[in-house]
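Q: Per this note's numbering, the sequence shown runs over residues 773 to 838. Handing you a structure now.
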Amino acid sequence: MGILVECPVCKIRSGLKRKICKCGNKVQKADSKNYWIEYYLNGKRTRERIGRSKQAAENRFREIQT
């Protein structure tokens with residue numbers, strides 16, 4: 773469960789703490805990165821694309837947790 777960042781070059785999703793993607797792109801500095809949230813619903817893992825706003829991703833994740 774958590775917030776993921778999608779690399780704009782290779783589209784791989786990874787955690788917020790990862791600064792450089794597996795493809796070598798600097799994800800933290802990229803402008804066009806997308807945020808996803810990942811959570812479990814009825815025993816199944818669910819991912820939801822939020823968009824380019826980290827604040828919106830954090831708010832939606834908090835909403836899901838309650």
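Ideal placement from N, C-alpha and C gives every residue a C-beta, glycine not left out.
Between residue 797 and residue 785, what straight-line distance do the alpha-carbon atoms span, to the nearest angstrom?
A: Translated into positions along the sequence shown, residue 797 becomes position 25. Translated into positions along the sequence shown, residue 785 becomes position 13. Taking the straight line joining both Cα atoms gives about 12 Å.
Q: Look up residue 787 in the DSSP assignment and give the residues it is bridged to.
A: As a first step, residue 787 must be located in the sequence shown, where it is residue number 15. Bridge partners of residue 787: 776.
Q: Taking buried to mean at least 16 other C-beta atoms within 10 Å of its own C-beta, is residue 782 buried or exposed?
A: In the sequence shown, residue 782 corresponds to position 10, counting from 1. Residue 782 is exposed by the Cβ-count criterion.
Q: Just the Cα atoms here: how many angstroms apart are residue 834 and residue 804?
A: Locating residue 834 in the sequence shown gives position 62, where the first residue counts as 1. Locating residue 804 in the sequence shown gives position 32, where the first residue counts as 1. When rounded, the separation of the alpha-carbon atoms in residue 834 and residue 804 is 23 Å.
Q: Just curious, the alpha helix (DSSP H) that residue 826 is in, first and last residue?
A: Within the sequence shown, residue 826 is the residue found at index 54, counting from 1. From DSSP, the alpha helix (DSSP H) with residue 826 extends over 826 to 837.
Q: Straight-line CA distance for residue 779 to residue 815?
A: Taking the sequence shown and counting its residues from 1, the one referred to as residue 779 is at position 7. Taking the sequence shown and counting its residues from 1, the one referred to as residue 815 is at position 43. The C-alpha of residue 779 lies about 27 Å from the C-alpha of residue 815.
Q: Looking at residue 808 and residue 836, is the spacing between their C-beta atoms short of 9 Å?
A: For the purposes of this step, residue 836 is taken as residue 64 along the sequence shown, with counting starting at 1. For the purposes of this step, residue 808 is taken as residue 36 along the sequence shown, with counting starting at 1. The answer is no: Cβ separation not under 9 Å.
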